[in-house]
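Asks: Before anything else, here's the structure in question.
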Amino acid sequence: MNFPVLSIITFLPFAAGALILMMPAARRNETRAIALAAAAIDLLLSGWVYIQYLLQGMSGYQFLEQYNWLPQLGITLYFGVDGMSAPLVLLTGIVMFTGVLISWGDDDKHVLAGIQGPPARVLCLPLRAGGRRVRRVRLPRPVHAVLLL
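Numbering-wise (our numbering), the sequence shown opens with residue -8 and increments by one.
Set out below in structure tokens:
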């Protein structure tokens, strides 16, 4: 089996986010370093995937990975890159890395539905990926309860 580069690109941000969520808010520099390292690794791997896809002829699916996820039910998980998704993989790496760099000095200002510190940073990432600069979000109580689930 080849090196599982697409699996790493996919699941590394989740692992880094889980690690950041478990860290206390006082360890701000460590959470920043973890986020930046994960984003940099993701950017490097996605750039490598894009360049290798271009060099290998840009035809069909490449970097195929297959995992028997739930074999009892016959469910198999496939990862692969084609001509349409290769630039999008690279774009995802670029957006993630620049999002971490842009949010570098905003840690004290993150408040998401009453949540502060590292959890708010992690929860604000999807909003940042949409191109919005997030400082403070106030939500009604029912939505706040759903976010905590």
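Using N, Cα and C, we set each Cβ at its ideal position, and we do this for glycine too. Computed from a prediction, not measured in an experiment: that's the story for all the values here.
To which residues does DSSP link Ile66 through a beta bridge?
Replies: Looking at the DSSP assignment, Ile66 forms a beta bridge with Leu61.
Asks: Buried or exposed, going by whether 16 or more other CB atoms sit within 10 Å of the CB of Leu139?
Replies: At Leu139, the pLDDT of 43 sits below 50, so the modelled position is not reliable; the number obtained from the coordinates is stated separately. The residue is exposed, with fewer than 16 neighbouring Cβ atoms inside 10 Å.
Asks: Who are the near neighbours of Gln57 in its chain, counting only those whose CB is closer than 7 angstroms to its CB and skipping five residues on each side?
Replies: The residues are Thr67 and Tyr69.
Asks: Relative to the C-alpha of Phe31, which candidate in Ile93, Ala16, Leu55 and Thr89 has its C-alpha closest?
Replies: The displayed chain sequence assigns Ala, not Phe, to residue 31. Per the Cα distances, Thr89.
Asks: Looking only at its own chain, which residues have a Cβ that is under 6 angstroms from the Cβ of Gly74, when we skip the five neighbours before and after it?
Replies: Met49, listed in sequence order.
Asks: Cβ atoms of Val91 and Ala26: under 8 angstroms apart, would you say?
Replies: Their beta carbons are under 8 angstroms apart, which means Ala26 touches Val91 by this criterion.
Asks: Should Asn59 be counted as a contact of the ligand ADP given a C-beta to heavy atom distance under 7 angstroms?
Replies: This structure does not include the ligand ADP; it has no bound ligands of any sort.
Asks: Phe2: which of Ile93, Arg23 and Asp33 sits nearest, CA to CA?
Replies: Selected option, being the one with the closest Cα: Asp33.
Asks: Go to Ser37, then tell me how far its alpha helix (DSSP H) extends in each direction, as first and last residue.
Replies: Residues Arg19 to Leu46.
Asks: Whole angstroms is fine: what's the gap from Trp95's alpha carbon to Gly38's?
Replies: Their backbone Cα atoms lie some 23 angstroms apart in a straight line.
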